[in-house]
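A short worksheet on the structure shown next.
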Amino acid sequence: MLNNPEIDLAWDFVNHTDRNIFLTGKAGTGKTTFLHKLKEQCLKRLVVVAPTGVAAINAGGVTIHSFFQLPFGPLLPENGTLSNNSFSKKFSRAKIDIIKSLDLLIIDEISMVRADVLDGIDNVLRRFRNRSLPFGGVQLLMIGDLQQLSPVIKENEWQLLKQNYKTGFFFGSHAFQKCDALSIELKHIYRQDSKEFIEILNEIRNDRLSLEASEKLNQRYLPDFSATEHEGYITLTTHNARADRINNTELHTLKDKSFVYEAEVIGKFPEYLYPTHINLELKVGAQVMFIKNDRSPEKEYFNGKIGTVVHLEEDDITVRCPDDDFDIHLIPEEWENVKYSIDPDTKEITEEKIGAFTQIPLRLAWAITIHKSQGLTFDKVVVDAQEAFAHGQTYVALSRCKTLEGIVLTSPISNSSIINNQEVSVFSKQAEKQQPDVSVLEISEKTYQLNLLDELFNFHSFLYPIKRITDIYYKNRTGIEGTVLTPLQTLKEKGVQELLKIHAAFKKQLKQLSEKSKPDANPALQERVKKACAYFETHTEKFIKNPLADILYSTDNKTVRKELNKYIDDLEQQTHQKLYVFRKMKVGFDTVSYLKLRAEAVLEKPNIPQRRKETLVTTTEHPALYDELRNLRTELSETEAVAPYQIFTQKTLMQLCQLLPTTPKQLKSIHGIGKVRLEKYGAAILKTILAYCETHDAESKKDVLAKSRVSETKKISFKLFKEGMSIAEIAAERGFTTGTIEGHLSGFIRTGDLMASDLMPELKYKELREIMETTPFEGFKQLKDQVDDTFSYMDLRFVFNEMEYEKNKE
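For the sequence shown, position 49 (counting from the first letter as 1) is numbered 49 according to my numbering, and the numbering increases by one without interruption.
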């Protein structure tokens, strides 16, 4: 790296902390050099994106919109966060893997990124990473100069965006305001040497051009100056049309023969990414600019160097540059369009070439737009800033030149030519006051390591898929058969919740141990981490992985099956990732090793068991009947032109196979067989079951059929009640009302597993029992009107169910 304290500080913050960073600095302070060094030497898994195609090609990355698959129009928040409906394209598995294994996201030319686009990035990263952290927990490095080119926002777009954003600049995004970013400004200017010129640029940058500086600058206004009569000058202008007009006019004044060089385009390389013309027209005497750095050892040219064509043939282009004593013979160069992928062998994030543009690395250069000049350096420029229309244009144009003496102005620079944004000025002043120092670096480095350890031992992310599985099950329980809630309850209570308690205490202990030194240099802490990894591994295996394997279910509803699989698979993947790292981290913790293991864990896919209907066939004694009834259901559904589950559900199918009802009364007691289904399909179902029973000498389970079927969720409430918990405690534990729990338990009175007096005071039970035995009634409403208000409908149900149980028993 360059010998520069700000660059060194930025380097350490990027590589050794997880702080989000806005790296800024005046033109020519080495931001681009820093970016390219980081790409070559950073140990973190990174991706580089930029707001425009040209910026992305120059940075060696991809565009923001292509990587994050964002629409080009305004992204409008709903209830404070961007709706996923804003993003129409489905992400590939490879793209998701890259995002999940990403450590660092670099955004170049951040000054040109709209606030809503940065929130769009945040939305995507949260979706596939940690939904509770800004940018999903990925570290951001945002590189750019706010005093240079700003976001392009059309008036109609701003009319939409201003309802949610105070400014269109990136720092107005909701995600940026929550991410606690540091601002580091690079202060040493490498492009210019003259203190006087640097001071003039600073005054323009800060929107306070003094009279003295203005007079000095405007000495470069030379009204009779002709760029074509002086070698090596390039005109920087505000509009594409003006730059094209100047170039075409100057080219046509040359008398020599035109040579047209056609580019070769292969693969995916959209036209908006072309670095120069696909058909490049040149003549001897044409002023040109190199648009690529020379990759040869001689380094004869660089991006932005100006020269004149001195010889042309079909296969030979020769350029001579001012102050050079040699000719440059050019051959076509290649620009790559890349996409990020993961190397199947090394598992590293790599740049995969998906297209290429091969052309002579030149463009006509009597004039270019100020926008295209950003990032370039020139010896001689003609600045046409009279029609400057956007923030930062005048500053960008003037700061491209190495010296004040190399600048020629086509019109005097007045305050009207200097367009600066007040919002940028306010933000920049605040950021300047908050520059971090080495002490902040030391704290951040320690915090980063503790954050990584916290991430390793924290199981909070397991709660969301558990909640979603539970919600989906309860909403669709009539159409789901199998074992879901019981193993899920074990997984949640004995697995995740227990580890969360241990994690909370362990987190405090790690913080105390790290007071004197960082975790990676702390022997006592390292020992605790090793032991914790061993304990967490064992506990995760026993109370998370094993219960997960016990979840088996079947449903005819494809949407429900897809949703359940999604969240159970999520638990499987998270469990695999935790166990993978626990096993490998038993030797101790260091940042680089942990990041590598974390990425490997994401990319190494676990063997997730398939949860298909056929998995559950083995749970019935009568798989042959299962197939016969399923075939019957298919035939009936085709005849009726309805979905199979509308004939009877998977849960009903499993009960039919388990209980073998052989009479209409028995069939009606099966879950999901009501009066209508019994009338429409009962005869066909009973015929199939009776034939099976006769052939296989099987008998119906009359004793079970006589009892009301108890759902799995009711069984959980019953289990907790039998373990000594009160109804109120069960309701609080399970997130239900006490009435719901009472309803769960009332069914167990009807089966004889509970007595009414277990759920209500003895005296109250005896009084109500006597009334119900001596008072005739046709329904609970009639009975309720005849008893005291101290008796609830649930009290009536408790006693009624006990009386029904006794009657059935007799």
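Note that CB positions come from ideal geometry on N, CA and C, so glycine has one too.
Starting from the C-beta of residue i, find all residues in its chain whose C-beta is less than 6 Å away, skip the five residues before and the five after it, and write them out in chain order.
| i | result |
| --- | --- |
| Ser-373 | Leu-236 and Arg-400 |
| Lys-299 | none |
| Asn-801 | Ser-746, Ile-749 and Arg-750 |
| Thr-81 | At Thr-81 the pLDDT is 49, less than 50, meaning the model places this residue with poor confidence; the figure from the coordinates comes in the next sentence. Same-chain partners within the cutoff: there are none. |
| Lys-492 | Ile-466 |
| Gly-144 | Glu-109, Ile-110 and Ser-111 |
| Thr-618 | Its pLDDT being 46, under 50, Thr-618 is placed unreliably by the model, and nothing is read from it. |
| Thr-377 | Arg-191 and Gly-304 |
| Leu-330 | Ile-317 and Ile-360 |
Spatial neighbours of residue i within its chain, please: C-beta separation below 8 Å, excluding the five flanking residues on both sides.
| i | result |
| --- | --- |
| Asn-84 | Summary for Asn-84: the model assigns pLDDT 44, below 50, so the residue's position carries little reliability; its value from the coordinates is reported in the next sentence. The answer, listed in chain order, is Asn-123 and Arg-127. |
| Asn-15 | Cys-42, Leu-43 and Lys-44 |
| Glu-157 | Gly-73 and Pro-74 |
Mind checking who residue i pairs with in its DSSP beta bridge?
| i | result |
| --- | --- |
| Ser-341 | Thr-350 |
| His-311 | Thr-318 |
| Ile-306 | Met-289 |
| Phe-378 | Cys-401 |
| Gln-139 | Leu-104 |
| Arg-114 | Phe-169 |
| Asn-279 | Glu-262 |
| Trp-335 | Phe-357 |
| Ala-50 | Thr-63 |
| His-329 | Thr-318 |
| Ala-643 | DSSP, once it has assigned bridges, lists no residue as partnering Ala-643. |
| Glu-481 | Ser-554 |
| Ser-183 | Phe-22 |
| Ala-367 | Thr-235 |
Within its chain, find whatever has a CB closer than 7 Å to the CB of residue i; leave out the 5 residues flanking it on each side and keep chain order.
| i | result |
| --- | --- |
| Lys-347 | Ala-599, Glu-600 and Leu-603 |
| Lys-586 | Lys-530, Cys-533 and Ala-534 |
| Ser-428 | Leu-146 |
| Ala-505 | none |
| Asp-18 | Gln-139, Tyr-448 and Asn-451 |
Using a 10 Å radius around the Cβ and a threshold of 16 neighbouring Cβ atoms, would you call residue i buried or exposed?
| i | result |
| --- | --- |
| Asn-272 | The amino acid at residue 272 is misidentified as Asn; the sequence shows Tyr. So Tyr-272 counts as exposed. |
| Lys-268 | exposed |
| Ile-741 | buried |
| Asn-421 | buried |
| His-311 | exposed |
| Asn-79 | A caution first: Asn-79 carries a pLDDT of 44, below 50, which makes its placement in the model unreliable, though a value can still be read off. With fewer than 16 other Cβ atoms within 10 Å, it is exposed. |
| Asn-337 | buried |
| Phe-459 | buried |
| His-744 | buried |
| His-174 | buried |
| Arg-874 | The question about residue 874 has no answer here: the residues shown for the chain are numbered 1 through 810. |
| Ala-286 | buried |
| Gln-782 | exposed |
| Phe-495 | Correcting the residue type first, residue 495 is Gly in the shown sequence and not Phe. Gly-495 is buried by the Cβ-count criterion. |
| Gly-53 | buried |
| Phe-648 | buried |
| Tyr-626 | buried |
| Gly-30 | buried |
| Thr-369 | buried |
| Pro-134 | buried |
Assuming residue i and residue j make a contact with CB atoms under 8 Å, what is their CB distance in whole Å?
| i | j | result |
| --- | --- | --- |
| Ile-121 | Ile-64 | 7 Å |
| Gln-526 | Gly-482 | Not confirmed; about 44 Å, so no contact. |
| Asp-556 | Pro-644 | 6 Å |
| Tyr-395 | Gln-148 | 7 Å |
| Met-289 | Leu-362 | 7 Å |
| Leu-46 | Asp-103 | 7 Å |
| Leu-796 | Lys-807 | Not quite, the Cβ-Cβ distance comes to about 16 Å (not below 8 Å), so this is no contact. |
| Phe-462 | Gln-574 | 6 Å |
| Gly-232 | Ile-306 | 5 Å |
| Ala-59 | Leu-35 | 6 Å |
- Query: Can we say the region 529–547 touches the region 578–598, given the rule of at least three CB pairs closer than 8 Å?
  - Reply: Below 8 Å, enough C-beta pairs join the region 529–547 and the region 578–598 to call them touching: three or more.
- Any chance the region 30–41 sits against the region 472–483, with 3 or more Cβ pairs inside 8 Å? Between the region 30–41 and the region 472–483 there are fewer than three C-beta pairs closer than 8 Å, too few to call the two in contact.
- Query: Does the pairing of the region 136–148 with the region 400–412 give three or more beta-carbon distances under 8 Å?
  - Reply: The region 136–148 makes no contact with the region 400–412, as fewer than three CB pairs between them are under 8 Å.
- Say whether the region 312–330 touches the region 242–253, bearing in mind that this needs 3 or more beta-carbon pairs closer than 8 Å, one atom from each stretch. The region 312–330 vs the region 242–253: no contact.
- Message: So, does the region 647–661 touch the region 623–632, judging by three or more C-beta pairs under 8 Å?
- Response: A contact is defined here as three or more CB-CB pairs under 8 Å, and the region 647–661 meets this definition with respect to the region 623–632.
- Task: Count the C-beta pairs between the region 193–204 and the region 169–184 that are closer than 8 Å, then say yes if the count reaches three, no if not.
- Result: As far as the Cβ criterion goes, the region 193–204 does not touch the region 169–184, which means the pair count is below three.
- Task: Please confirm if the region 281–288 is in contact with the region 339–357, defined as three or more CB-CB distances below 8 Å between the two stretches.
- Result: Because the criterion of three Cβ pairs below 8 Å is not met, the region 281–288 and the region 339–357 do not touch.
- Could you say if the region 498–511 and the region 548–562 meet the contact criterion of at least three C-beta pairs nearer than 8 Å? They do not touch, by the three-pair rule.
- Query: Does the region 658–670 touch the region 680–692, meaning 3 or more C-beta pairs lie closer than 8 Å?
  - Reply: Proximity of the region 680–692 to the region 658–670 meets the contact definition, three or more beta-carbon pairs being nearer than 8 Å.
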